[in-house]
Structure formats: C-alpha cells, structure tokens
Amino acid sequence: MEIVMKKKIGNILPVLLAAVFIASCSVHAKNRELSFSAGDETFTLKKDCIDDVSFKDASSPSVFIKVKKSEVCSQKFDKLISDNIGKNLVVTFNSQALLNAKIASQIKTEDGFNLSVPNKDTAHSIYGVYE
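The opening position of the sequence shown corresponds to residue 409 in my numbering, with each subsequent residue numbered one higher.
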C-alpha cells in the first residue's frame, strides 16, 4: 500500500509544481502592467492596447502613454474615467501604488496622457513593459 501511495504522489507532484509555477507567472505578469482603479471598476492596461509609449528623465520623471483607439482599449479606459468623475483614481504598477488622485474631468486616452512616476527607475520599468 505504501509503495502505491508513493507512486501516486510521485505522479501528482510534477503536476502540482507546474500549476504553482504557472499561477505565479500569471500573477507576476499581471503586476507588471499598469492598473487604473476608480469606484468599483478597474482597467488593466495591456501591452496590445498601447499605440505609443515614451518616458522623460527629467527631475520629475513621467511616462507618456497613448492608448490604441478601440472598444476594448481607449473606449473602455475612457469609460472608467467618465463614470468616476469626482472619485479617486488609484494607479498601480508592480503592486505599488503610483498615484491616488481625484478624477476632475474626462480625458481621451487615445490622444495620450502623461503619468507622473516617483522615480526614473519606475519610468524605465513601465517603458520596458510597454515598448
């Protein structure tokens, strides 16, 4: 009986390890994207939604992001903004909050926007994900 149990565990163990590895990669990949949350809504900016990205190494580093004009990209992002005017917008990257600010007005993300970031390393990291 003991030999049969060891054999079953030996067959299951590689499957479990693979599942844990895949799950951790998925979480890590999601954390490497910008996430914009307001009210009960969240928009995660995927690489395929980027039309243009650049960064400034100025004393106040920022990343310029132009979102692809489409229903699942700019229109969905714009709707999150317009539906939550007057509420706080929280922007996260790598599980770190970059910004927490009140939404004052609608924007057209397909026209592009500048995102202020805390330091040059963060600007480079964001650029590296979306370039």
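A virtual CB, placed ideally from N, CA and C, is assigned to each residue, including glycine.
(1) Just to confirm my understanding: we take G459, look at its own chain, exclude 5 residues before and 5 after, and list those with CB closer than 6 angstroms. What are they?
(2) Between K474 and chain D, is any beta-carbon pair separated by less than 7 angstroms?
(3) Hey, quick one: how far does the beta strand (DSSP E) through A505 stretch, first residue to last?
(4) Classify S470 as helix, strand or coil using the three-state DSSP reduction.
(5) Determine the burial state of V480: buried for a count of at least 16 other Cβ atoms within 10 Å of its Cβ, exposed for fewer.
(6) Report the three-state DSSP secondary structure of I458 (helix, strand or coil).
(7) Can you grab the Cα-Cα spacing for the pair G494 / L507, in whole Å?
(8) Identify which residue in S513, L442, K510, L497 has its Cα closest to the Cα of D456.
(9) Compare the Cα-Cα distances from I515 to each of A509, K528, F485 and report the closest residue.
(10) With H, G and I counted as helix, E and B as strand and the rest as coil, what does DSSP make of K484?
(11) Measure the C-alpha to C-alpha separation of L497 and V525 and round it to an integer number of angstroms.
In brief:
(1) According to the sequence provided, residue 459 is Asp. The question's Gly does not apply to it. Cβ within range, chain order: K474, K476.
(2) Given the protein chain composition of this structure (a single chain), no chain D is represented.
(3) 504-510
(4) strand
(5) By the Cβ-count criterion, V480 is exposed, with fewer than 16 other Cβ atoms from all chains shown falling within 10 Å of its own Cβ.
(6) strand
(7) 15 angstroms
(8) L442
(9) F485
(10) If DSSP states are grouped into helix, strand and coil, K484 belongs with the helices.
(11) Roughly 14 angstroms separates the two Cα atoms.
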